[in-house]
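A short worksheet on the structure shown next.
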Amino acid sequence: MATGVDAKLLKSTKFPPEFNQKVDMTKVNLQVMKKWIAGRITEILSNEDDVVIELVFNLIESSRHPDIKALQIQLTGFLDKDTPAFCKEMWGLLLSAQDSPQGVPKELLEAKKLELLQEK
1 MATGVDAKLL KSTKFPPEFN QKVDMTKVNL QVMKKWIAGR ITEILSNEDD VVIELVFNLI
61 ESSRHPDIKA LQIQLTGFLD KDTPAFCKEM WGLLLSAQDS PQGVPKELLE AKKLELLQEK
């Protein structure tokens, strides 16, 4: 539930256009996304914060079509200036994942392929 302050922030914050696109979480491979989310949040905060990581998991799993704008407002207290970039990156991956047959963002598949090639 959005508080009065959150509602004002939702109205006054300028969000990227892709935030207007819906993500169907039933088409997304959650395990892959959870691994990326945990890694990215740990990278941003310079330590592993289970509370913030679980908050993001709960927010994206609470609905078939999560509200990225509300999610960004709720995360701002934890990720500060990094929140918009994190949300935009995560939403882009979720949009990509729902269009993929395996539910995995093509960007993460490409990164994994590159990683495997470099190991050879």
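In my numbering, the protein residues as written are 1 to 120. Note that beta-carbon positions come from the ideal geometry of N, C-alpha and C, so glycine has one too.
Whose C-beta lies closer than 8 angstroms to the C-beta of residue i among residues of the same chain, with five residues either side of it excluded?
{"i": "residue 93", "result": "33, 36, 105, 107, 108"}
Would you verify that the beta carbon of residue i is, or is not, closer than 8 angstroms to some beta carbon of chain B?
{"i": "residue 44", "result": "Looking for chain B here will not work: only one protein chain is present."}
I believe residue i touches residue j by the beta-carbon criterion, under 8 angstroms. Please report the beta-carbon distance rounded to the nearest angstrom.
{"i": "residue 19", "j": "residue 69", "result": "6 angstroms"}
{"i": "residue 24", "j": "residue 65", "result": "6 angstroms"}
Tell me the rounded alpha-carbon separation between residue i and residue j.
{"i": "residue 42", "j": "residue 86", "result": "12 angstroms"}
{"i": "residue 1", "j": "residue 119", "result": "Below a pLDDT of 50, predicted positions are generally treated as unreliable, and residue 1, at 46, falls in that range; no measurement from the model is reported."}
{"i": "residue 11", "j": "residue 117", "result": "46 angstroms"}
{"i": "residue 111", "j": "residue 17", "result": "25 angstroms"}
Does the beta-carbon distance from residue i to residue j come in below 8 angstroms?
{"i": "residue 27", "j": "residue 103", "result": "yes"}
{"i": "residue 84", "j": "residue 98", "result": "no"}
{"i": "residue 15", "j": "residue 52", "result": "no"}
If I measure Cβ to Cβ from residue i and keep anything under 7 angstroms in the same chain, skipping five residues before and after, which residues do I get?
{"i": "residue 21", "result": "95"}
{"i": "residue 29", "result": "97, 102, 103, 104"}
Apart from the five residues on each side of it in sequence, which residues of its chain come closer than 6 angstroms, Cβ to Cβ, to residue i?
{"i": "residue 4", "result": "none"}
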